[in-house]
Amino acid sequence: MTSFLSLDCIYIFCRIGFGVATYKPRNILITGAAGFIASHVTNRLIRNYPDYKIVALDKLDYCSNLKNFNPSKSSPNFKFVEGDIGSADLVNYLLFTESIDTIMHFAAQTHVDNSFGNSFEFTKNNIYGTHVLLEACKVTGQIRRFIHVSTDEVYGETDEDAIVGNHEASQLLPSNPYSATKAGAEMLVMAYGRSYGLPVITTRGNNVYGPNQFPEKLIPKFILLAMRGMVLPIHGDGSNVRSYFEFTKNNIYGTHVLLEACKVTGQIRRFIHVSTDEVYGETDEDAIVGNHEASQLLPSNPYSATKAGAEMLVMAYGRSYGLPVITTRGNNVYGPNQFPEKLIPKFILLAMRGMVLPIHGDGSNVRSYLYCEDVAEAFEVILHRGEVGHVYNIGTKKERRVIDVAKDICKLFLMDPEKSIEFVENRPFNDQRYFLDDQKLKNLGWSERVIWEEGLKKTIDWYTKHPNWWGDVSGALLPHPRMLMIPGGRHFDFEEPNRMSHVNVPKLPNGKSKL
Numbered sequence: 001m002t003s004f005l006s007l008d009c010i011y012i013f014c015r016i017g018f019g020v021a022t023y024k025p026r027n028i029l030i031t032g033a034a035g036f037i038a039s040h041v042t043n044r045l046i047r048n049y050p051d052y053k054i055v056a057l058d059k060l061d062y063c064s065n066l067k068n069f070n071p072s073k074s075s076p077n078f079k080f081v082e083g084d085i086g087s088a089d090l091v092n093y094l095l096f097t098e099s100i101d102t103i104m105h106f107a108a109q110t111h112v113d114n115s116f117g118n119s120f121e122f123t124k125n126n127i128y129g130t131h132v133l134l135e136a137c138k139v140t141g142q143i144r145r146f147i148h149v150s151t152d153e154v155y156g157e158t159d160e161d162a163i164v165g166n167h168e169a170s171q172l173l174p175s176n177p178y179s180a181t182k183a184g185a186e187m188l189v190m191a192y193g194r195s196y197g198l199p200v201i202t203t204r205g206n207n208v209y210g211p212n213q214f215p216e217k218l219i220p221k222f223i224l225l226a227m228r229g230m231v232l233p234i235h236g237d238g239s240n241v242r243s244y245f246e247f248t249k250n251n252i253y254g255t256h257v258l259l260e261a262c263k264v265t266g267q268i269r270r271f272i273h274v275s276t277d278e279v280y281g282e283t284d285e286d287a288i289v290g291n292h293e294a295s296q297l298l299p300s301n302p303y304s305a306t307k308a309g310a311e312m313l314v315m316a317y318g319r320s321y322g323l324p325v326i327t328t329r330g331n332n333v334y335g336p337n338q339f340p341e342k343l344i345p346k347f348i349l350l351a352m353r354g355m356v357l358p359i360h361g362d363g364s365n366v367r368s369y370l371y372c373e374d375v376a377e378a379f380e381v382i383l384h385r386g387e388v389g390h391v392y393n394i395g396t397k398k399e400r401r402v403i404d405v406a407k408d409i410c411k412l413f414l415m416d417p418e419k420s421i422e423f424v425e426n427r428p429f430n431d432q433r434y435f436l437d438d439q440k441l442k443n444l445g446w447s448e449r450v451i452w453e454e455g456l457k458k459t460i461d462w463y464t465k466h467p468n469w470w471g472d473v474s475g476a477l478l479p480h481p482r483m484l485m486i487p488g489g490r491h492f493d494f495e496e497p498n499r500m501s502h503v504n505v506p507k508l509p510n511g512k513s514k515l
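In structure tokens form, the structure reads like this:
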């Protein structure tokens, strides 16, 4: 059975001076805090608000790093907890013992490539994890803000001829595993907000199971077979099941755990869920207006599907339990500390090593890039001024083709683009363009400060000074990296044919590459 829920309740544009009060949290739980974006937000809040207690929760996955907390680890208002948002016991314990009144929910599986063949892990993280959070908020009854960070991909793909972007009330049309799970998470958040009065704010389905399901699906089929004493047939060797569930656990299940903890403790004053612009899906190449917070969700890949599903959970908890949730959907973010599976740090590290830059397809895909400090400031504004039950896009209208990003990096390293760029096989569902309308956030007083040229130079400078920050990242630098989930740990698949030839990087008189 499929349910459709209107988003009109969260589509309210607000302006400074028009009834938007400044919110002041006391004890903030930041999930996925050791990750890229969340760590910048964590450090910024600790630096700017010494009277806030910040509890950083992270399971320390492959793309998390405790060194990201170096600027804050000695601060008396900072506490790190290693753990999974999918653990209801842990989440409930933290909400009670730390007197958490605000949650900023960043924890999620975010790498699109990894979602292919591992989509169930996205569901587990993006939806189930959000649900756990919402339930905890409902039970504790103490949350004043729940900011759920989602993605624009829940709106799905935008028509090529569209000139107006998706807004917060647009229909959700997830079209792949990732976006479906994110949409489901949104529904949970809204439900908890309505039923339990949780003060939720959401930024934008999931695999469904339960009563009435036709037994062509895995769970009811296995249940009926078990009831009849028959063997349970598994396709292949069953090894893919664990990988699927791993993505689901982080992006959906983990979110659910957090939400449940909020519901149970009843003490959360803000729950900020961090999503992605990919939940909106692809934007038409000719569109001149970006997706807005009420735009339809049309995720087009496993990653965006799980993010959309997590958003559904967050919205459902907001509506059903009244959790004070806020959701954000952001553009691509770049800057120091980012794990080099992402485009910009990957290209920088490859250029530093004198290797070619692999571009999926023809490089015409268009993306918008925001510097990490601008994004951290956006979350600072949303934390204090964002309205419960609302979605906020965090974006920029300054777009760039992937090929142009590569050329900009080549230029700063004095590399010949003709010899330093290699076009490789495109990845599945590589949307042509994502484009956001960020006017709603600007109405709260935020604006982009760091221009592309300045941000890129700062980022390159940081990586040249910290070349071994992430240790051995050769697997991440492959043209088509894949994470292999194995018992007891993770590693990159190094079996991909070596297509990473070297190029010459000109040196300055001091022996360093020019930046």
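Each step along the sequence shown adds one to the number in the UniProt record's numbering, with nothing skipped, and position 438 is 438. Don't be surprised by glycine CBs; every beta carbon is placed ideally from N, CA and C. Model, not experiment: these values are computed from the prediction.
* Is it the case that the Cβ atoms of L57 and I85 are separated by a distance below 8 angstroms? -> yes
* Asked: Does the distance from the CB of I460 to the CB of I359 come in under 8 angstroms?
  -> no
* **Nearest-angstrom Cβ-Cβ length linking A136 and C262, presumed shorter than 8 angstroms** => 5 angstroms
* Asked: Helix, strand or coil for P233 per DSSP?
  -> Looking at P233 - three-state DSSP - the assignment turns out to be coil, as it is neither helix nor strand.
* V241, DSSP secondary structure in three states -> With a pLDDT of 34 at V241, under the threshold of 50, the predicted position of this residue should be treated as unreliable, and no value is reported.
* Between which two residues does the beta strand (DSSP E) harbouring M104 extend? -> T102 to H105
* Asked: Out of curiosity, what's the CA-to-CA distance linking Y23 and V333?
  -> Rounded to whole angstroms, Y23 to V333 spans 26 angstroms at the Cα level.
* To do: May I have the straight-line CA-CA distance separating I326 from L412, to the nearest angstrom?
  => Answer to the nearest angstrom: the Cα atoms are 39 angstroms apart.
* Asked: In its own chain, which residues sit with a C-beta less than 6 angstroms from the C-beta of N43, not counting the 5 before and 5 after it?
  -> P71 and S72
* Measure the CB-CB distance between H256 and H131 and report whether it falls below 8 angstroms. => yes
* To do: Would you tell me roughly how many angstroms separate the C-alpha atoms of D404 and M312, rounded to the nearest one?
  => C-alpha separation (whole angstroms): 35 angstroms.
* Ranges of the alpha helix (DSSP H) found wholly within the segment 420-486, counting only runs of at least 4 -> The segment 420-486 contains these whole alpha helix (DSSP H) runs: 439-442 and 452-465.
* In the DSSP assignment, find the beta strand (DSSP E) that holds S39 and state where it starts and stops. => Looking at the DSSP string, S39 is not in any beta strand (DSSP E); the run it does join, the alpha helix (DSSP H), is F36 to N48.
* Can you tell me which of the three DSSP states D58 falls into? => Three-state DSSP puts D58 in a strand.
* Asked: For the beta strand (DSSP E) that E399 lies in, which residues bound it at each end?
  -> E399 to R401
* Asked: Which of the three DSSP states, helix, strand or coil, is assigned to F339?
  -> coil
* Distance, Cα to Cα, R269 vs A33? -> 19 angstroms
* Asked: So, helix, strand or coil for T31, using DSSP?
  -> strand
* Asked: Expressed to the nearest angstrom, what Euclidean distance is found between the alpha-carbon atoms of D374 and R228?
  -> 58 angstroms
* Asked: Alpha carbon to alpha carbon, what distance is there between G254 and N125?
  -> 4 angstroms
* Simplified DSSP assignment, three categories, for G129 -> helix
* To do: Could you tell me the boundaries of the alpha helix (DSSP H) in which V391 lies?
  => That residue, V391, is in no alpha helix (DSSP H); its beta strand (DSSP E) goes V391 to I394.
* Under the three-state reduction of DSSP, which class applies to S368: helix, strand or coil? -> strand
* To do: Using three-state DSSP, classify I201 as helix, strand or coil.
  => strand
* To do: Determine, using beta carbons only, whether I468 and G395 come nearer to each other than 8 angstroms.
  => Ile is not the amino acid found at residue 468; the sequence shown has Asn there. No, these two residues do not count as a Cβ contact at 8 angstroms.
* Whole-angstrom distance between L477 and F339, CA atom to CA atom -> 10 angstroms
* So who's on the other strand from P76, going by DSSP bridges? -> Answer is none; P76 lacks a bridge partner.
* **Chain-order list of residues whose beta-carbon lies under 6 angstroms from that of N426 (same chain, five-residue window excluded)** => H360 and G361
* Is there contact between the segment 96-103 and the segment 286-300, where contact requires at least three CB pairs shorter than 8 angstroms? -> no
* Can you pull the DSSP bridge partners for S87? -> None; S87 has no bridge partner.
* Could you spell out where the beta strand (DSSP E) holding G254 opens and where it closes? => Under the DSSP assignment, G254 falls outside any beta strand (DSSP E), being part of the alpha helix (DSSP H) whose first and last residues are G254 to T265.
* Element boundaries [beta strand (DSSP E), containing H148] -> For H148, the enclosing beta strand (DSSP E) begins and ends at R145 to S150.
* State the Cα-Cα distance for the pair T265 and G281, rounded to the nearest angstrom. => 35 angstroms
* How about N291 and D437: are their beta carbons less than 8 angstroms apart? -> N291 is a Cβ neighbour of D437, given a cutoff of 8 angstroms.
* To do: Look at I147 and L383 and say whether their C-beta atoms are less than 8 angstroms apart.
  => Taking a C-beta distance under 8 angstroms as the contact criterion, I147 and L383 qualify as a contact pair.
* Helix or strand or just coil, what does DSSP make of Y334? -> strand
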